[in-house]
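Which chain is which? The protein sequence lines are A and B, in order. If you read the first sequence in our numbering, its first letter stands for residue 1, the second for the next number, and so on. If you read the second sequence in our numbering, its first letter stands for residue 1001, the second for the next number, and so on. All C-beta atoms, glycine included, are put in the ideal place defined by N, C-alpha and C. Here the structure is a predicted model, which is why all the values come from computation and not from measurement.
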Amino acid sequence: MAERVSEEEELESVAATTPGMLRLLLGNRVAVTAGLVVIAFFAIGLLAGVLTPHDPNAQHPEAIRAAPFWRADADARFLLGTDSLGRDLLSRMMYGARVSILLGVVVVLLTLVVGAGLGMLAGYFRGRFDVVMSRVVDTLLAFPFLIFALAIMAATGPNLVALVLALAFKGWVDFYRVARGDVLAARAADYVTAARGLGASTPHILLREILPNIVPPLIVLATLRMATIIIAEASLSFLGIGVPPSIPAWGTMVADGRADVGSAWWIATFPGLAILALVLSVNLFGEGLRDVLDPRMRKT
Amino acid sequence: MWGRFFAQRLLQLIPVLVGVSFIVFLTMHLTPGDPVEHMLGQAGRITQEQIDELRAHYGLDRPLIVQYGRFLRNAAVGNFGPSYSHQGRDVGAVVAERFPATLELTLFAFLVAILFAIPAGVVASLRPQGTFDRTATVAALLGISMPGFWLGIVLMMVFGLRLGWLPISGRIELGLAPLPTTGLNTVDALVAADGAALWSAVKHLILPGLAMAAPMAAMVMRMVRSSMIGVLGQDYIQFARAKGLPERTVVGKHALRNALIPTVNIVALQTGLLLSGNMIIETVFQYPGLGKLAVDAIAAADYPLVQAVVLIYAISYVLLNLGADALHAVLDPRVRAA
């Protein structure tokens, strides 16, 4: 027992420094691999315009529902086959990575800034603002996320701006709660009292003293939220109320392939595998990050 | 003390319900056109005067807040007006017709998730990092990383199309439907002692139920596991063991009971997500429930119907959380005091 405690203490003191954290993270082989996969997806999404063998929306009427490369009836031009309109699945999937990642990053950053900002203010100033905010948060928490997004998207139709807002509308609440709780704890801490005693201004205390201390759990949460957002976006696109149909997206591709599950299973299967691979990697990376950055939540 | 606890919780519901209904009401006003335009869509040439007259008739010329009050009054008694699709039938009637199907599927998925997750979580916690634990952890990670609609389609391709074991759409085979008393096919079939109908109804629930249950099972399993590991390390467990109690009693009674307390919240949260999963899974499996109704209503721009379904889901979700709070209070006296 005693050995274990000292080991944990040692881990914590190593993790307290930035190079130490990096070393811990790099020592986690699963997290490193997952991180590399995420980077690969980012690169593919970014470079989709250069890397894709075909125009993702170009239809090839002579090669409709072409099979993937290992099958006898494959068409050599289309590595992973084509869909019911003869569009190249590989090219569409590469562009799909772009949409998923772009929306994931934009929504997570938006919710992080809004949620953490409001949470810090509520936690630091308490009072009426905190009371009102907690009512707002309760109301939003009472709303099932997907149903909520559905209500918004039903009203506006599929478009990217509405999609970002729909995905972000409730997403900031998680960041709000973490930031509020942590600030609440920090405002009583000695270093904050000291800063206040030295005459530091409130913005200085919030941004320069408290913020650096509450960033690690927020980063962990942001990573894990990205996985949720990617699935939510794909789900809405699958239902036809997410990404506009003219933009190739993984959810839309699975929906396109649904009619052909009996004859051309690959159309719905491959884009789903892409979602699984990306989300799984983001989750694994996020959990690795949590182990390093947020010792309180470290797995047993 | 109990009375006060529940009175307090019920009071807290009011602002939540007002907020939720206001958001639902507002989304209606984001939609292009108003109900009158939709109603007159098919009616040929109409003068502006007639439109204004109808608007006045439906109160659409009144201030927003008055319209909201009216919406609340009507919603409280389940009156959402005529649907734009479904041959103009009353929205309340259309919703009531579909509700049992969704209730049945959701309950089924809930049971599958719980009955799988709790034992799996307990077994995994007994030997952390053992073979079972590692396998379960990987499976759980896959479960939360997999989009439900895709899992549904894969299950459908493998067990429905390739192996032909299970049906891939609908609720029950044609002609087998039991007399609807509760509307839940399995219950009705049981009441009628109709084995063929029961089997058919269950077969139709398996694939969509599994697809819907997967993420919930994964999350609950992880929670049970980590909370069991925490509890098993406590002194009173060591004491129970030292007393010579059989391991079954120690794990099953002393440890599990306490480990389940934090699990209640996760279960409630995940059941709420099951409700969201309705729309997706019902769409994949062409299952005639509320979720598919909502998705179809969106495609048909049937806003009153969308509103009604969204409101029902939101209220169910709120009540679910209330139920979880209550259960939590029953299990953990500390919550009551707070």
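| Asked | Found |
| --- | --- |
| Neighbour flag for residue 90 of chain A against chain B, beta carbons, 9 Å | no |
| 9 Å Cβ cutoff, residue 3 of chain A in contact with chain B | Because residue 3 of chain A carries a pLDDT of 44, less than 50, the predicted location of this residue cannot be relied on, and the following value inherits that uncertainty. Not an interface residue. |
| Residue from A/272, A/266, A/277 and A/288 whose Cα sits closest to the Cα of residue 68 of chain A | A/266 |
| Local conformation of residue 3 of chain A per DSSP, three classes | With a pLDDT of only 44 at residue 3 of chain A, under the threshold of 50, the placement of this residue in the model should not be trusted; the figure read from the coordinates follows. Of the three classes helix, strand and coil, the one that applies to residue 3 of chain A here is helix, per DSSP. |
| Proximal residues of chain B, C-beta to C-beta of residue 269 of chain A below 9 Å | 1150, 1153, 1154 and 1157 |
| Heavy atom of the ligand ZN within 8 Å of residue 110 of chain A beta-carbon | Although the ligand ZN was asked about, the structure shown includes no ligands whatsoever. |
| The segment 1089-1098 of chain B touching the segment 1216-1235 of chain B, judged by at least three CB pairs closer than 8 Å | no |
| Spatial distance of residue 82 of chain A from residue 1156 of chain B (CA atoms) | 21 Å |
| Touch test, the segment 1178-1185 of chain B against the segment 1207-1222 of chain B, Cβ-Cβ under 8 Å, three pairs minimum | no |
| Any 3 or more C-beta pairs closer than 8 Å across the segment 1132-1143 of chain B and the segment 1284-1300 of chain B | no |
| Contact list for residue 1279 of chain B against chain A, beta-carbon separation under 9 Å | 146, 147, 150, 235 and 239 |
| Residue 1063 of chain B, buried or exposed, once every other Cβ within 10 Å from all chains shown has been counted against 16 | exposed |
| Rounded C-alpha distance that separates residue 24 of chain A from residue 1164 of chain B | 49 Å |
| Status (buried if at least 16 other CB within 10 Å, exposed otherwise) for residue 256 of chain A | buried |
| Buried or exposed (CB count within 10 angstroms, at least 16 for buried), residue 271 of chain A | buried |
| One or two residues paired with residue 1090 of chain B in a DSSP bridge | B/1082 |
| C-beta neighbour in chain A for residue 1259 of chain B, strict 9 Å | no |
| Spatial neighbours of residue 179 of chain A in its chain, beta-carbon cut-off 7 Å, leaving aside the 5 residues before and after | 115, 116, 119, 120, 123, 214 and 218 |
| Beta-carbon proximity of residue 1274 of chain B to residue 1212 of chain B, cut-off 9 Å | yes |
| Strand pairing of residue 82 of chain A, partner residues [DSSP] | A/88 |
| CB of residue 1083 of chain B within 9 Å of CB of residue 1288 of chain B, strictly | no |
| Classification of residue 1014 of chain B by the beta-carbon crowding that lies within 10 angstroms, buried from 16 upward | exposed |
| CB contact check: residue 1007 of chain B to chain A, cutoff 9 Å | no |
| Burial state of residue 1185 of chain B, where buried means 16 or more other Cβ atoms lie within 10 Å | buried |
| Buried versus exposed, by CB contacts within 10 Å (16 or more), residue 1052 of chain B | exposed |
| Chain B residues whose Cβ lies nearer than 7 Å to that of residue 275 of chain A | 1147 and 1150 |
| Beta carbon of residue 100 of chain A nearer than 9 Å to that of residue 45 of chain A | yes |
| Counted within 10 angstroms of its Cβ, other Cβ atoms place residue 72 of chain A as buried (16 or more) or exposed | exposed |
| Test item: CB-CB of residue 112 of chain A and residue 42 of chain A under 9 Å | no |
| Other residues of its chain near residue 157 of chain A: CB distance less than 8 Å, five sequence neighbours each side excluded | 241 |
| Contiguous alpha helix (DSSP H) assignments of at least 4 residues, all confined to the segment 184-272 of chain A | 190-197, 211-238 and 250-257 |
| Beta carbon of residue 1148 of chain B nearer than 9 Å to that of residue 235 of chain A | yes |
| Proximal chain A residues relative to residue 1294 of chain B, where beta-carbon distance stays under 7 Å | 150 |
| Classification of residue 1246 of chain B by the beta-carbon crowding that lies within 10 angstroms, buried from 16 upward | exposed |
| DSSP-derived helix/strand/coil call for residue 154 of chain A | helix |
| Between the CA atoms of residue 152 of chain A and residue 1340 of chain B - distance to the nearest angstrom | The structure shown does not extend to residue 1340 of chain B, since chain B is modelled only from 1001 through 1338, so no value can be given for it. |
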